[in-house]
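Here the sequence shown stands for residues -19 to -1, 1 to 377, where the numbers follow mature numbering (1 follows the signal peptide of the UniProt record, and there is no 0). All residues carry an ideal CB built from backbone N, CA and C; glycine is no exception. If you're wondering where the values come from, they're calculated on a predicted model, not measured in any experiment. For reference, the structure discussed in these notes is given below.
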Amino acid sequence: MRLPSILVGLVGLAVSVLADGNATQLGLIRKATDPQVPPAYPIGLSKEPFAKPAGQLFDINGTTKYKIVRVWGFGDINAGFRPSTDTADLLRVWFQQHPASNDTEANQAALINYSPEDGLPRLDYVVSTAERLGLKLVLPFVNNWADLGGIATYAAAYGGSNASVSFNFFENDRAQRAYRDYIRVLVERYRSSPAIFAWQLCNEPRCDGCDPAVIYRWAANVSAYIKQPGMDPHHMVSLGDEGWFAPDAGYREASGASSLAYESHGGVDFWGNLNISTLDYGTFHLYPSTWGYTYSWGDRWIEQHADAGNRAKKPVVLEEYGSPQRDDHATVLVPWQHVVLNTSIAADQVWQFGPANLSFDATKFGDEFSVYADKADFANVSQKHAQAMLDKVVVL
């Protein structure tokens, strides 16, 4: 979703030093192509097989029940970035700095921030802690939205002739080279960890005004890059899209009419992308109040994606869904969860978990969709549903 993540809240807060002289002199700011600074926290070596598709479900060493957390693996800025007076910026954690927007700098490699106060060691802590708690992580490599940088930082740094910022990310060789360099940093850093469930190409990729072939081609090429020998052929890869259907996918509204969700919105073709051989499972999101649909339409949206997964014989995950009813999420979300329980949907993740009883006000980093752990809603839409999913029996 186009909102801040709870990553900063999970990993701790620190005032950003940016790429200042001290950090650079200490070797904590390095080119993405340079040898890495070792992880600041223990990263384990998995002693069991990694997760893999098993029909429309997932399997880890014969087990199909586990806890998955999707945590942002990105934090991009451009050279010259300085925090604003906004608290969220003043406490900014960043992982990668792209050049500013000029051709000379654009030929340079992006910089990785290994500073323990505000850099990649914060993600080290998340991965290490997930191992200790027995959690599985999905790590997206970039955000479509400007929250925490996003593809706009790539477009600003590496340019492009198209008026579309998105196109200048997906179709720009320099931007894609920098993106792949960053992927290699994260994959090489964490690929041995038993906490990694899957890599994800982007949070909600869109290419407005583009033919769906643009994202399809990009997703096929990058997922193949990740799975090549010497990189990581063992972990699953997903796209991270919102699940928009193309007109020829065979899905419509109940009336038979077409609309935004069925017209390759944002240049996305869910069915086409689901059939990319190097993408292991499909993802879709659900925000009717934002998209202009009724909440009851959400039932059909879930059923349609479950059907697509059955046709493709791949797992499908409802990895984001929510309603902006801060004090009553259950009324909207529980009916959707019943549909999830009664279809072949492999997993679902409410947007978004809101922590409580911390040393700072967690609502600063949340939104009206957040379900906070100290609210009655949490028991209904999180705890009870999680147990129901553990008890779910899928007959295919």
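query = In or out: GLU169 buried (at least 16 other Cβ within 10 Å) or exposed?
reply = Here residue 169 refers to the residue found at position 188 of the sequence shown. Exposed, because fewer than 16 other Cβ atoms sit within 10 Å of the Cβ of GLU169.
message = Let's see if you can read the secondary structure: which residues bound the beta strand (DSSP E) around ARG51?
response = What you label residue 51 is simply residue 70 of the sequence shown in a count that begins at 1. Per DSSP, ARG51 belongs to the beta strand (DSSP E) from 49 to 51.
key: N-terminal and C-terminal residue of the beta strand (DSSP E) that LYS33 is part of   = By one-based count along the sequence shown, residue 33 stands at place 52. Unbroken beta strand (DSSP E) run through LYS33: 33 to 35.
message = Below 8 Å on the Cβ atoms is my contact criterion, and I expect VAL321 with THR259 to pass it. Report the Cβ-Cβ distance as a whole number of Å.
response = The sequence position of residue 321 within the sequence shown is 340, counting from 1. The sequence position of residue 259 within the sequence shown is 278, counting from 1. Not confirmed; about 26 Å, so no contact.
ask   = Which of the three DSSP states, helix, strand or coil, is assigned to GLY273?
value = Counting from 1 along the sequence shown, the entry for residue 273 is found at position 292. GLY273: coil per DSSP, three-state reduction.
ask   = Going along the chain, which residues of its own chain have a beta-carbon closer than 6 Å to the beta-carbon of GLN368, five neighbours each way excluded?
value = As a working mapping, residue 368 is identified with position 387 in the sequence shown. Nothing listed; no residue qualifies.
message = Cutting at 7 Å between CB atoms, please list the residues of its own chain near SER270, excluding the five before and the five after it.
response = Here residue 270 refers to the residue found at position 289 when the sequence shown is read from its first residue. Around SER270: SER304, PRO305.
ask   = What are the boundary residues of the alpha helix (DSSP H) that ASP105 is part of?
value = Here residue 105 corresponds to residue number 124 of the sequence shown, with the count starting at 1. Per DSSP, ASP105 belongs to the alpha helix (DSSP H) from 102 to 114.
key: Runs of alpha helix (DSSP H) wholly within the region 122 to 174 (minimum 4 residues, chain order)   = 132 to 139, 146 to 151, 154 to 171
task = Could you tell me whether the region 192 to 201 touches the region 241 to 256, where touching means 3 or more Cβ pairs closer than 8 Å?
result = yes
inquiry  = Please identify the residue among ALA238, TYR243, THR264 whose C-alpha is closest to the C-alpha of ASP229.
reply    = In the sequence shown, counting from the first residue as 1, residue 229 sits at position 248. Measuring from the Cα of ASP229, the nearest candidate turns out to be TYR243.
message = Suppose contacts are defined by Cβ-Cβ distances below 8 Å. Is ASN149 in contact with ALA136 by that definition?
response = For this step, residue 149 is matched to residue 168 along the sequence shown. For this step, residue 136 is matched to residue 155 along the sequence shown. Contact: yes.
request  = Could you check the C-alpha separation between THR44 and ALA354 for me, to the nearest Å?
outcome  = To locate residue 44, count along the sequence shown from 1; it is residue 63. To locate residue 354, count along the sequence shown from 1; it is residue 373. Spanning the two alpha carbons is a distance of roughly 27 Å.
ask   = Is LEU114 buried or exposed, if buried means 16 or more other CB atoms sit within 10 Å of its CB?
value = Taking the first residue of the sequence shown as 1, we reach residue 114 at position 133. With fewer than 16 Cβ atoms within 10 Å of its Cβ, LEU114 is classed as exposed.
ask   = Based on Cα-Cα distance, which residue from ASP213, ASP280, ASP222 lies nearest to GLY263?
value = Position 282 of the sequence shown, counted from the first residue, corresponds to residue 263. Taking only the C-alpha atoms, the option nearest GLY263 is ASP222.
For LEU322, the three-state DSSP class (helix, strand or coil) = Here the question's residue 322 lines up with position 341 in the sequence shown. Note: LEU322 maps to helix in three-state DSSP.
inquiry  = Between the alpha carbons of SER239 and GLY290, how many angstroms are there, rounded?
reply    = Locating residue 239 in the sequence shown gives position 258, where the first residue counts as 1. Locating residue 290 in the sequence shown gives position 309, where the first residue counts as 1. Each residue's alpha carbon lies about 21 Å from the other.
inquiry  = Considering Cα atoms alone, identify which of ARG165, SER363, ASP192, TRP252 is closest to ASP288.
reply    = Taking the first residue of the sequence shown as 1, we reach residue 288 at position 307. Ranking ARG165, SER363, ASP192, TRP252 by Cα distance to ASP288 puts TRP252 first.
request  = Determine the burial state of ALA111: buried for a count of at least 16 other Cβ atoms within 10 Å of its Cβ, exposed for fewer.
outcome  = Translated into positions along the sequence shown, residue 111 becomes position 130. Classification of ALA111: buried, given that the 10 Å Cβ count is 16 or more.
Beta-carbon proximity list for TYR171, same chain, < 7 Å, skipping 5 on both sides = Here residue 171 refers to the residue found at position 190 of the sequence shown. Here the set comprises ILE24, VAL108, ILE177.
query = Would you report the Cα separation of TYR276 and VAL331, rounded to the nearest angstrom?
reply = As a first step, residue 276 is located in the sequence shown; it is residue number 295 there, counting from the start. As a first step, residue 331 is located in the sequence shown; it is residue number 350 there, counting from the start. Those two C-alpha atoms are separated by around 15 Å.
task = Would you grab the beta carbon distance between ARG165 and TYR139 for me? Rounded to a whole angstrom, and I think it's under 8 Å.
result = Taking the sequence shown and counting its residues from 1, one reaches residue 165 at position 184. Taking the sequence shown and counting its residues from 1, one reaches residue 139 at position 158. About 17 Å; that fails the 8 Å criterion.
ask   = When DSSP labels each residue in this structure, what does TRP180 get in the three-state scheme?
value = As a first step, residue 180 must be located in the sequence shown, where it is residue number 199. Correct three-state label for TRP180: strand.
Distance, PHE76 Cα to GLY143 Cα = Reading the sequence shown from its first residue, position 162 is the one you call residue 143. Reading the sequence shown from its first residue, position 95 is the one you call residue 76. The sequence shown places Asn at residue 143, rather than the Gly named in the question. Using only the alpha carbons, I get a separation of about 27 Å.
As assigned by DSSP and simplified to three states, the class of GLU244 = On the sequence shown, residue 244 is found 263 positions in, with the first residue counted as 1. Three-state result, GLU244: coil.
query = How big is the Cα-Cα spacing for ILE49 and PHE151?
reply = To locate residue 49, count along the sequence shown from 1; it is residue 68. To locate residue 151, count along the sequence shown from 1; it is residue 170. Using only the alpha carbons, I get a separation of about 28 Å.
task = Just tell me which of ARG73, ASN338, LEU92, PHE39 has its CA closest to the CA of ASP15.
result = Numbered from its first residue, the sequence shown carries residue 15 at position 34. Checking every option, the nearest Cα to that of ASP15 belongs to LEU92.
query = Of the choices VAL362, PRO296, ASN59, whose alpha-carbon is the least far from that of LYS33?
reply = Position 52 of the sequence shown, counted from the first residue, corresponds to residue 33. Out of VAL362, PRO296, ASN59, PRO296 has the C-alpha closest to the C-alpha of LYS33.
task = Counting only the same chain and skipping the five closest in sequence on each side, list residues whose C-beta sits under 8 Å from that of GLY190.
result = Taking the first residue of the sequence shown as position 1, residue 190 is located at position 209. The answer, listed in chain order, is SER145, PHE148, GLY248.
key: Residue interval of the alpha helix (DSSP H) (run including GLY263)   = Here residue 263 corresponds to residue number 282 of the sequence shown, with the count starting at 1. Not the alpha helix (DSSP H): GLY263 falls in the beta strand (DSSP E), residues 263 to 267.
ask   = For the alpha helix (DSSP H) that contains ASN202, what are its first and last residues?
value = Position 221 of the sequence shown, counted from the first residue, corresponds to residue 202. It spans 193 to 208 - the alpha helix (DSSP H) in which ASN202 sits, taken as one unbroken run.
ask   = Should ASN153 go down as buried or exposed, given a rule of 16 or more other Cβ atoms within 10 Å for buried?
value = On the sequence shown, residue 153 is found 172 positions in, with the first residue counted as 1. The residue in question, ASN153, is buried, as its Cβ has 16 or more Cβ neighbours within 10 Å.
task = Taking 8 Å as the cut-off, decide whether the C-beta atoms of ALA90 and LYS12 are in contact.
result = On the sequence shown, residue 90 is found 109 positions in, with the first residue counted as 1. On the sequence shown, residue 12 is found 31 positions in, with the first residue counted as 1. Contact: yes.
message = If the criterion is Cβ atoms closer than 8 Å, does the pair GLN209 and PRO121 meet it?
response = Start at 1 with the first residue of the sequence shown, and residue 209 comes out as number 228. Start at 1 with the first residue of the sequence shown, and residue 121 comes out as number 140. Not a contact, by the Cβ cut-off of 8 Å.
inquiry  = Taking 8 Å as the threshold (C-beta atoms), are TYR232 and GLN285 in contact?
reply    = Translated into positions along the sequence shown, residue 285 becomes position 304. Translated into positions along the sequence shown, residue 232 becomes position 251. Taking 8 Å as the Cβ cut-off, GLN285 and TYR232 qualify as a contacting pair.
Three-state secondary structure (DSSP) of VAL352 = For this step, residue 352 is matched to residue 371 along the sequence shown. Of the three classes helix, strand and coil, the one that applies to VAL352 here is strand, per DSSP.
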